[in-house]
Amino acid sequence: MPDVRLTVDRTPHVVPAGASVGDVLAGAGITAAIAVRANSEQLHDLSWVPEDGDRLESVPMATPEGRAILRHSTAHVLAQAVTDLFAGAKFAIGPPVENGFYYDFDVERPFTPDDVEAIERRMIEIIKAGQSFARRRVDPDEARGLFADQPYKLEIIDRATAGAVEGEETVDAAGPDITVYDNVGSKGGRAAAGVAPGLAFTDLCRGPHLPSTRQIPAFRLMRTAGAYWRGDEKNRMLQRIYGTAWESKEALAVHLRMLAEAERRDHRRLGAELDLFSFPTEIGGGLAVWHPKGGAVRRAMEDYSRAAHERAGYEFVVTPHIARSTLFETSGHLQWYADGMYPPMELEGATYYPKPMNCPGHILIYKSRGRSYRDLPLRLFEFGTVYRYEKSGVLHGLTRARGFTQDDSHIFCTPEQLAGELTSLLAFVIGLLRDFGLTDFEAELATRPERYVGEPAQWAEGEAALRVALEASGLAYVVAAGEGAFYAPKIDVHIRDAIGRRWQLSTLQVDLQEPGRFDMEYQAADNTRRRPYMIHRALFGSVERFFAILLEHYAGALPAWLAPVQVTMIPIAERHVPYLRGVAEQLRERGVRVEVDDSAERMQKKIRNAQRQKVPFMLIAGDDDETAGAISFRYRSGEERRGVPVDEAVSEVAEEIASRRLVPLAVTAGATHE
RNA sequence: GCCGGAGUAGCUCAGUGGUAGAGCAAUCGCCUCGUAAGCGAUAGGUCGCGAGUUCAAUCCUCGCCUCCGGCUCCA
916 MPDVRLTVDR
926 TPHVVPAGAS
936 VGDVLAGAGI
946 TAAIAVRANS
956 EQLHDLSWVP
966 EDGDRLESVP
976 MATPEGRAIL
986 RHSTAHVLAQ
996 AVTDLFAGAK
1006 FAIGPPVENG
1016 FYYDFDVERP
1026 FTPDDVEAIE
1036 RRMIEIIKAG
1046 QSFARRRVDP
1056 DEARGLFADQ
1066 PYKLEIIDRA
1076 TAGAVEGEET
1086 VDAAGPDITV
1096 YDNVGSKGGR
1106 AAAGVAPGLA
1116 FTDLCRGPHL
1126 PSTRQIPAFR
1136 LMRTAGAYWR
1146 GDEKNRMLQR
1156 IYGTAWESKE
1166 ALAVHLRMLA
1176 EAERRDHRRL
1186 GAELDLFSFP
1196 TEIGGGLAVW
1206 HPKGGAVRRA
1216 MEDYSRAAHE
1226 RAGYEFVVTP
1236 HIARSTLFET
1246 SGHLQWYADG
1256 MYPPMELEGA
1266 TYYPKPMNCP
1276 GHILIYKSRG
1286 RSYRDLPLRL
1296 FEFGTVYRYE
1306 KSGVLHGLTR
1316 ARGFTQDDSH
1326 IFCTPEQLAG
1336 ELTSLLAFVI
1346 GLLRDFGLTD
1356 FEAELATRPE
1366 RYVGEPAQWA
1376 EGEAALRVAL
1386 EASGLAYVVA
1396 AGEGAFYAPK
1406 IDVHIRDAIG
1416 RRWQLSTLQV
1426 DLQEPGRFDM
1436 EYQAADNTRR
1446 RPYMIHRALF
1456 GSVERFFAIL
1466 LEHYAGALPA
1476 WLAPVQVTMI
1486 PIAERHVPYL
1496 RGVAEQLRER
1506 GVRVEVDDSA
1516 ERMQKKIRNA
1526 QRQKVPFMLI
1536 AGDDDETAGA
1546 ISFRYRSGEE
1556 RRGVPVDEAV
1566 SEVAEEIASR
1576 RLVPLAVTAG
1586 ATHE
C-alpha cells in the first residue's frame, strides 16, 4: 500500500494509506484534538481518512471551533435523551450557538422544569455510556426511510436535495449524499446506566462530532423556550431546550459565574437599587420614568454630548412629538414603517401620528427657506424623543423601549462633502464613546437589504462613501451584507463592555430617499439647483439604551463625573453635621452633586449605605477633623485618607470630576464588598 | 404577538383548603459613636384582577392583566 504524505499543524508526516485522522494525530503525539480542518476548509471527524497531500490543522476542544463541535455533540445527546423519554417526540434542529447549544422539539406538551431535570439525568447516563458518534453517508431515499416519522428531518432532506437553498450549506461538500450520525453504545459503556450496546440514536447531521459522548466534560441544560420552526411566526411553535457545554468543569463554572455577574449588573436591577428609573405599569410597558438620581446621570451625559456637538459645528433644533399623517406619507414612514408606529389620533379632520424618527422634522427645518451651498454642511442636532410600537414580548428595560430619546442629527451636505463628513463623523463618534470609557469597538458596514427603496446605483454610491470613511478611520470592520435599513446603507458601531458583551450603539446612515421624497435642494455656486445628500446619525443610539449599557459596563459604579451622587458627607456624630454642611456648600458651589447624611444611623451604617449606592467619594468628619479644619476621605475602593485640609479636599473632588477620569482617584485594587 | 415561567408588605422571599409571616426599608424612642448593618417598639397586605368549585379559596379550576426568559445563529 502506498504511503500518504500529509502535513499536520505544519509538520510533514507520512502515514500508511487508509489511516484515519485519529491514527495520524496519535502518531504525531497530538492528543488534545477532537477534529481537524483540512486544507483550511472543511472540518472533519477523527474517523475521517485524509488523502495524499492534505494539510491538516488539529482542532482542540478549547477553541471556538472545538467548543462548537462539543456543543453540537451535546445537542445530539439532548435529542437522544428527549426521544428516549418522550415517545413520539419529533426533533428539528440542534445547532451550537454562542456559549452553548439548543435543540428544538415538537412534543405533545411543553417541557416542565421536572422534565428538564429528567432529561439532564438521562443525558448524563448517555455520556457515561460512552456512545461513539459514527458518521454514515446515505442517499436521499435512504435518508427519507430513516426519518420516515420525523417530518422536520424530511423537510430538511427535501430542502437539501432541492439544492443549496438560500445559500444554505445543507449537503456534504464531497457529494450529493446526505450524512447521518449514529450513536452506538459501546460494550465498555455502563450496562447499569440502561443504555444498551448497539444503535441508540441516529440524527441527520453534517458533523463533525466528538468521537464519543464520554468526551463531553461538562454541560448543563439552561432553560426552555418556545421557538417557531425556521424562525417564522407563521410556522408551528416548537419547544426549545437551551444548554451549554464546556471543555472542563472549571470552564463551565467560569461561564456560570459570568452569567451571575451579568445578572448582578442588569440595569433593571441596578435602576431599582440605585433609585434611577422605573417602569410604572400605570404608564405602560416600555415607557420609563426617570427618578432624580437617574435624571442627574442623564443630564450629565446629555450636557457632555451637547458640548461636544457644539464644538463639532452642530446646531441645535427642537421638533414636536406628533405630526400629521401627510408628513409621514411624504417621508415614506407610513408606507414602510407603519408596523413600528403608534396608531394615529384624529382631530379636527386631520390625522396625527407620534413620530417614530426625527428626520422629517429636521428636513422641514432645512426646507424652511432656500438653501445655498454656503449653508452646507448643515448639521442639525436634537435630543429627539420618539415612540415606536414594539411587540410586548420584545421589550427589555431601557435597551428596548417604546419611547426613547435619540441623540439624533441629520447632516445635509453636497455630494463632494459626503465622504469627508462621514470620515470626520466616524472619528467624532469614537472620540465621544471613548470619553465615556468604552474602548473596544467593532464596526459593521450594512449593505442593501432585500427590501429596499431607491436605485441600486445610489446604494452603491452610499456604500462606497461609508467604506471610504471606515478605511480612513482605521477601525476594524466587517461587511454585514443585506443588513442595511430599508432607506439607507449604514455603519453600525458596536462596543464590547467590561464583561465582554457586544452592544450595538452608534449608527451612521447615508439616506438615499428623503432628499428626493421631500424634493430638497440647494443653490450651487454655478447657480444651478442641486439635491443635497443627507446623513442620519445617532451616537448613543438612544440615551436610554446608552445609559443602560454604561450602567452595566460599570456595574453601577459610574465614573465620578457621571455618578448621580458624587459625594456623601458622613458625620461621626450628630454634632458634626453643621460643619459638614459648610463643606457641602463649598462643594455645591463648585458644581458637585453632594448629599449630607444627617439620618439617625450610626456612622458605620452610613458608610455601608453610601458604599451600596456606589458613591465615589465619602467625606467624613469627627472632632479631630473639625478642630483641624480638615476632613477625611473614604473612596469607593474602601481606601481612606484622613485629615485633609478642606480646601484641598474640595479641589481634589472638583478636579476629579472635571477631569472626567474614568476611575476615581486613589482607586487601585478592587477592595469591594458584595 | 406566540411558547413557557412568575406575581404574597416599599424590596427580597417563606407559607397553608379554615381570611398570613421573616429579613431589609419606613416611622418613633433610646444610644452620640472614627471607616460596610447598635438596641427596642410601632406601623404596613382585597396574598395581581375577575369568575367558578367548596360550608370555607391566598392555596384548586378557568379567563384576564403585568413582569421575566426565549422566539437571530439553520441537519
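Residue numbering for the first sequence follows our numbering, beginning at 916 and increasing consecutively.
By construction, the Cβ of each residue, glycine as well, lies at the ideal position given by its N, Cα and C atoms.
As the structure is a computational prediction, the values presented were derived from the model and not from experiment.
What does a CB cutoff of less than 7 Å around residue 1041 pick up in its chain, not counting 5 residues either side in sequence? For residue 1041, where only same-chain residues beyond five positions count, the Cβ hits under 7 Å are 992, 995, 996, 1110, 1128.
Out of 1266, 1155, 924, 1400, point me to the one whose CA is closest to residue 1011's CA. 1155
In the DSSP assignment, find the unbroken alpha helix (DSSP H) run with residue 1164 in it and report its ends. 1164-1180
Is the beta carbon of residue 1095 closer than 7 Å to that of residue 1117? yes
Nearest to residue 1054 by alpha carbon, out of 1072, 1358, 952? 1072
Short check: CB of residue 1428 to CB of residue 1369, under 7 Å? The answer is yes: Cβ separation under 7 Å.
With respect to the alpha helix (DSSP H) encompassing residue 1274, which residues constitute its N-terminal and C-terminal limits? 1274-1281
Can you name, in chain order, every residue of its own chain whose Cβ lies under 8 Å from the Cβ of residue 1247, other than the five neighbours on each side? 1368, 1402, 1428, 1429, 1432
Just mark residue 1147 as buried or exposed, buried being the case when its beta carbon has 16 or more other beta carbons within 10 Å. exposed
Exposed or buried, which one is residue 1107 when buried takes at least 16 other CB atoms within 10 Å? A caution first: residue 1107 carries a pLDDT of 38, below 50, which makes its placement in the model unreliable, though a value can still be read off. Exposed: under 16 other Cβ atoms inside 10 Å.
Mind checking whether residue 1265 and residue 1286 have CB atoms under 7 Å apart? In this structure, residue 1265 keeps its C-beta atom at 7 Å or more from the C-beta atom of residue 1286.
Ends of the alpha helix (DSSP H) at residue 993? Bounds of the alpha helix (DSSP H) holding residue 993 are 979-1000.
Determine the contact status of residue 929 and residue 918, defining contact as a CB-CB distance below 7 Å. yes
Would you tell me roughly how many angstroms separate the C-alpha atoms of residue 1413 and residue 1296, rounded to the nearest one? 30 Å
Look at the alpha carbon of residue 1382 and the alpha carbon of residue 1421, and state the distance between them as a whole number of angstroms. Approximately 16 Å, taken between the alpha carbons.
Could you pull the start and end residues of the beta strand (DSSP E) that residue 1560 belongs to? 1555-1560
Pick helix, strand or coil for residue 1534, following the three-state DSSP scheme. strand
Is the separation between the beta-carbon of residue 1560 and that of residue 1475 shorter than 7 Å? no
Would you identify the three-state DSSP class for residue 1573, choosing helix, strand or coil? helix
Counting pairs of beta carbons, one from the region 1480-1499 and one from the region 1532-1546, are three or more of them closer than 8 Å? yes
Since residue 980 and residue 961 should fall inside the 8 Å C-beta cutoff, what is the C-beta to C-beta distance between them, to a whole number of angstroms? Incorrect: roughly 14 Å between the Cβ atoms, too far for contact.
Separation of residue 1210 from residue 1481, as counted between CA atoms: 14 Å
Backbone CA spacing between residue 1216 and residue 1097 [nearest angstrom]: Between residue 1216 and residue 1097, the alpha-carbon positions lie close to 58 Å from each other.
Report the rounded CA-to-CA distance for residue 927 versus residue 921, giving the unit in angstroms. 6 Å
Where are the alpha helix (DSSP H) runs, 4 residues long or more, that stay fully inside the region 1023-1050, in chain order? 1028-1044
Tell me the residue span of the alpha helix (DSSP H) that contains residue 1125. In the DSSP annotation of this structure, residue 1125 is not part of any alpha helix (DSSP H), being labelled neither H nor E.
Does DSSP put residue 1518 in a helix, in a strand, or in coil? helix
Among 1348, 1320, 1293, 1319, which residue has its Cα nearest to the Cα of residue 1333? 1293
6 Å CB neighbourhood of residue 1314 in its chain, flanking five on each side removed: 1460, 1463
Among all the DSSP beta bridges, which residues are the ones paired with residue 1350? Per DSSP, none; premise fails for residue 1350.
Would the region 1221-1233 and the region 1504-1515 be scored as touching if the rule is three or more Cβ pairs under 8 Å? At 8 Å Cβ cutoff, the stretches do not touch.
In or out: residue 1089 buried (at least 16 other Cβ within 10 Å) or exposed? The predicted model places residue 1089 with a pLDDT of 39, which falls under 50 and marks its position as unreliable; any figure quoted below should be read in that light. Label assigned to residue 1089: exposed.
Let me confirm a value: residue 1457 is counted as buried when at least 16 other C-beta atoms fall within 10 Å, else exposed. Which label applies? Counting Cβ neighbours within 10 Å, residue 1457 comes out buried, since at least 16 surround it.
What's the call for residue 1027, buried or exposed, on a 16-neighbour Cβ count within 10 Å? Taking a 10 Å sphere around the C-beta of residue 1027, we find fewer than 16 other C-beta atoms and assign the residue as exposed.
How about residue 923 and residue 943: do their beta carbons lie closer than 7 Å? It is a contact, given that the beta carbons lie within the stated cut-off.
If you draw a straight line from the alpha carbon of residue 1306 to that of residue 1201, how long is it in whole angstroms? 10 Å
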